[in-house]
Amino acid sequence: MMPDNAIEYGESLMEVSDITGSLVIREGNLSLITEQNGNIPLGEEQGLGLYHRDCRFLSGYVIRLNGRLLTSILSSDEKDYASTIVLTNRDFTDNCGRLVRKNSMTIRRDRVITGLVEEHISIINHNQFGVDVCMSQEFDADFNDIFTIRGITRGRDGTLAGPVYENGDLRFSYHGKDGHTRNTRLCFDQAPECRDGHTCYHNLHIEPSGLHTVRLRIFVEDTGAPAEAQPRMGPGTRERLALIRASYAYTLECCRKIGTDNLIFNKVFQRSMADLRLLNMSIGGHIFHSAGVPWYDALFGRDSIIAAIQSMPYELSKAKSTLRLLARYQGKVSDDWRDEEPGKILHELRVGEKANLGEIPMTPYYGTVDATPLYLILLADYLDWTGEIGLLHELMGNVRTALDWMDNYADPGGTGFASYVTRSKKGLANQGWKDSPEGVSRSDGSLATHPVALAEVQGYFYLAKVRLASFLERAGDRDLASRLIRDAHELKRKFNREFWMSEKGYYAQAIDRDGLCDVISSNPLQCLWAGIVDSDRAATMVKRAFEPDMFSGWGIRTLSSDEKRYSPLGYHTGTIWPFDNSIIAVGLRRYGFREEADRLLTCMYDAASHYPRYRLPELFGGYRREDYSVPVRYPVACSPQAWSAGTIPYMLSAALGFIPRAIDRRLTLMKPSLPGWMETLKIDSLMVGDKPVDLEFRRIGDDTMVNEPGVSEIDVVVHY
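Residue numbers (numbering that gives the first Met the number 0): 0 to 719.
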């Protein structure tokens with residue numbers, strides 16, 4: 000049975016109701032989420048604020064002129080680590096009794112995160128007379144844990160100290176029950192008047208056409224955190240900015256090397272890669288993709304792995320560092336509280352007060368049935384692109400213990416398939432990617448009961464063993480390689496026998512204690528990606544997937560609209576997830592369904608073009624496209640989200656037909672096809688191993704032709 004008090008990761012406990020339209024800037028382990036005007040409303044209940052290490056260090060920040068809020072006229076967080084907000088005034092009477100008409104002053108807020116938050120507030124007076132005005136800045140810091148903000152755990156357990164103002168600095172402090180003291184320090188270049196410890200007042204005289212600038216620096220500190228986890232101050236602001244810009248330039252180098260005739264697509268692709276860079280996070284010197292802002296700004300096994308898979312070959316370094324980091328945290332013992340077992344790859348690592356106090360098991364938590372096979376798939380993909388066999392030898396011990404977990408621990412209920420049973424009292428009730436309470440169900444509306452064997456997870460296990468076998472054979476372990484192939488073939492045979500619903504022409508979402516979870520869902524479509532689907536059943540399943548109850552016009556829904564638990568805004572019960580559609584699209588191409596894969600790529604491209612900055616969010620509503628001309632926003636979706644950012648790059652790779660084999664210095668292009676809205680695509684210096692190759696693609700009618708303009712040491716093989 001599922002634990003009665005299991006943590007629910009869906010929308011059911013979310014106290015926050017809407018974060019759409021927020022401004023997000025992030026760098027390192029610091030994230031700032033505000034309204035479009037740059038404010039964080041006092042008494043904030045929408046998840047806005049300044050976050051570091053699972054704690055909100057600033058929960059309120061509002062500026063006013065003579066007590067009046069300002070009107071936002073422009074805002075941009077396009078730079079990712081910096082934002083610009085332009086505001087204007089409302090009517091007010093200045094300190095000398097003069098009426099200052101609305102829109103007669105410009106207020107600009109420039110922010111940048113460089114290990115701290117720096118803000119310059121510039122006020123320009125467009126009146127023909129001098130204005131005497133008081134600008135106020137009101138602050139608050141609740142130091143709430145992210146799990147409290149999400150409604151999962153109770154409030155603070157420690158002592159919230161009163162604010163202290165001295166020598167031009169305002170400090171908020173919280174002494175946590177976990178022994179950590181968390182501080183927020185606000186430093187002004189010109190000391191304001193601070194009367195109540197929360198509001199700072201700047202009395203300004205601004206001449207006609209004059210400019211006055213107020214500068215603020217915000218520092219955060221967690222005294223119990225290791226030194227490496229503290230925000231990096233390093234050199235001066237200019238030097239820190241240079242390092243950040245160089246890092247973005249490195250990540251976005253692929254955008255300079257990849258060009259198409261579709262300017263919108265170029266922007267969508269660049270935004271995808273920029274978001275992947277924005278979500279960089281580091282633990283112990285290993286850089287990986289944080290899962291998403293603000294709720295999942297942490298190391299997640301499944302999310303970080305999939306984002307790394309999606310972003311190859313455009314960014315290879317994250318895959319290697321992610322593999323090494325997850326190996327460091329690989330399960331070592333059997334621990335019911337954390338759902339840990341030897342060889343298992345973690346689900347989630349948290350470092351806030353609730354984790355430190357043991358109120359949640361994410362220290363780390365291992366309640367995921369799919370991260371371990373996905374880890375092996377990532378390793379195989381990385382080896383295919385780089386040929387770096389040395390990494391396989393380095394991680395061989397981790398590989399063997401992961402395989403041991405898959406063979407000896409991954410079927411706790413004796414289902415004959417990879418399955419899960421939650422042992423932790425605070426663990427996740429569902430342990431696949433649809434981990435909300437309602438994520439797995441039957442057509443009568445009842446929920447799955449443990450043990451649960453998910454369709455897509457059988458595919459992951461199959462693919463991991465098939466992909467790894469070839470590398471193990473090359474490394475000399477032929478016996479293990481042969482066994483993995485035998486195991487994979489047996490799993491494929493059993494899967495197609497037990498999961499297939501002949502009356503529905505589709506695979507079941509799962510098999511649980513009571514039998515088939517017989518809903519029509521997106522889960523089994525990911526099995527195409529894995530290659531576990533029998534070829535003679537693929538066409539029937541794909542046709543069913545594109546019926547109106549599953550295909551909304553904006554993508555494949557997580558659950559058919561004909562099912563009892565369907566809701567267009569249900570977290571895993573009817574919404575559309577870009578990452579899910581990307582994996583499905585890659586699988587469609589694997590089985591030869593090029594037209595259907597192109598439809599999904601077009602859906603994601605169209606959806607991205609409707610979102611600010613061309614940023615695909617975590618998920619969006621499952622409403623029919625014929626009813627709504629834009630994708631309907633999910634109110635509390637993470638944006639940016641790592642595997643959503645990886646969606647477009649991964650779908651592009653699939654469209655181009657990449658099958659790398661760096662060890663053999665070969666790149667196969669399997670039936671490449673540009674979508675109908677793209678005529679040409681050019682890639683300079685695509686790296687296969689340590690050798691570059693240039694490629695040109697041109698669509699001629701329904702066909703896509705490939706040209707290799709230069710001379711390369713890579714053997715390029717094209718199958719049309």
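For glycine and all other residues, C-beta sits at the position ideal for the given N, C-alpha and C.
Model, not experiment: these values are computed from the prediction.
Item                                                                                                                                                                                  : Value
Should the segment 346 to 362 be called in touch with the segment 660 to 674, which here means at least 3 C-beta pairs below 8 Å?                                                     : no
Taking the beta strand (DSSP E) that Cys186 belongs to, which residues open and close that run?                                                                                       : Thr180 to Phe187
Please go through the segment 79 to 133 and give each complete beta strand (DSSP E) segment of 3 or more residues, from N-terminal end onward.                                        : 81 to 87, 104 to 112 and 116 to 124
Is the separation between the beta-carbon of Arg588 and that of Ala537 shorter than 8 Å?                                                                                              : no
Under the three-state reduction of DSSP, which class applies to Thr158: helix, strand or coil?                                                                                        : strand
Mind checking Ala648: buried by the 16 CB within 10 Å criterion, or exposed?                                                                                                          : First, the residue type needs correcting, since residue 648 is Pro and not Ala in the sequence shown. It counts as buried.
Helix or strand or just coil, what does DSSP make of Gly9?                                                                                                                            : Confidence in Gly9 is poor, its pLDDT being 48 and thus under 50, which makes the residue's placement unreliable; the coordinate value appears in the next sentence. Reduced to three states, the DSSP call for Gly9 is coil.
Taking buried to mean at least 16 other C-beta atoms within 10 Å of its own C-beta, is Thr158 buried or exposed?                                                                      : exposed
For the segment 210 to 270, which segments carrying the beta strand (DSSP E) assignment without a break, of at least 3 residues, lie completely within its bounds, in sequence order? : 210 to 221 and 257 to 259
With which residues is Pro691 paired in a DSSP beta bridge?                                                                                                                           : Met686
Leu599 and Gly530 - do their beta-carbons sit closer together than 8 Å?                                                                                                               : no
Along the alpha helix (DSSP H) that carries Asn36, what are the first and last residues, could you check?                                                                             : From DSSP, Asn36 is part of no alpha helix (DSSP H); its letter is neither H nor E.
Please report the distance separating the alpha-carbon of His211 from that of Ser435.                                                                                                 : 50 Å
How would you write the range of the alpha helix (DSSP H) that Glu393 sits in, first residue to last?                                                                                 : Ile388 to Glu393
What does DSSP give as the partner residue(s) for Gln640 in the beta ladder?                                                                                                          : Gly291
To the nearest whole angstrom, what separates the beta carbons of Asp144 and Val350, a pair I think is in contact under 8 Å?                                                          : About 10 Å; that fails the 8 Å criterion.
My output table needs one value for Trp576: the three-state DSSP class, helix, strand or coil.                                                                                        : coil
How long is the line joining the alpha carbons of Ile555 and Leu277, rounded to whole angstroms?                                                                                      : 27 Å
Taking only three categories from DSSP, how would you classify Met500?                                                                                                                : strand
If you run the structure through DSSP and keep just helix, strand and coil, what is Lys681?                                                                                           : strand
By the DSSP assignment, the alpha helix (DSSP H) with Ala538 in it spans what residues?                                                                                               : Ser534 to Ala544
Could you please give the first and the last residue of the uninterrupted beta strand (DSSP E) stretch that includes Ser75?                                                           : Thr70 to Ser75
For chain C, is any of its Cβ atoms less than 8 Å away from the one on Pro630?                                                                                                        : Included in the structure is just one protein chain, with no chain C present.
Looking only at C-alpha atoms, which of Ala354, Ser320 and Ala326 sits nearest to Trp336?                                                                                             : Ala354
Are there 16 or more other CB atoms within 10 angstroms of the CB of Phe299, so buried, or fewer, so exposed?                                                                         : buried
DSSP three-state call for Pro659: helix, strand or coil?                                                                                                                              : strand
Go through its chain and collect everything with a Cβ distance to Ile123's Cβ below 7 Å, but skip five positions before and after it.                                                 : Met104, Thr105 and Leu210
Which residue from Lys319, Phe128 and Tyr249 puts its Cα closest to that of Arg100?                                                                                                   : Phe128
Starting from Ala354 and walking both ways along the alpha helix (DSSP H), at which residues does that stretch end?                                                                   : Glu352 to Asn355
Determine the extent of the beta strand (DSSP E) in which Phe56 is found, giving its start and end residues.                                                                          : Cys54 to Leu57
Give me the residue from Ala306, Gln229, Arg107 and Leu69 with the minimum Cα distance to Trp642.                                                                                     : Ala306
So is Thr92 buried or exposed if we call it buried at 16+ other beta carbons inside 10 Å?                                                                                             : exposed
In the DSSP assignment, the beta strand (DSSP E) including Tyr50 goes from what residue to what residue?                                                                              : Gly48 to His51
How close, in whole Å, do the beta carbons of Tyr381 and Ala318 come, if the pair is a contact with beta carbons under 8 Å?                                                           : 5 Å
Could you compute how far the alpha carbon of His392 sits from the alpha carbon of Ser320?                                                                                            : 15 Å
Taking a contact to mean a Cβ-Cβ separation below 8 Å, would you say Val368 touches Ala409 in this structure?                                                                         : yes
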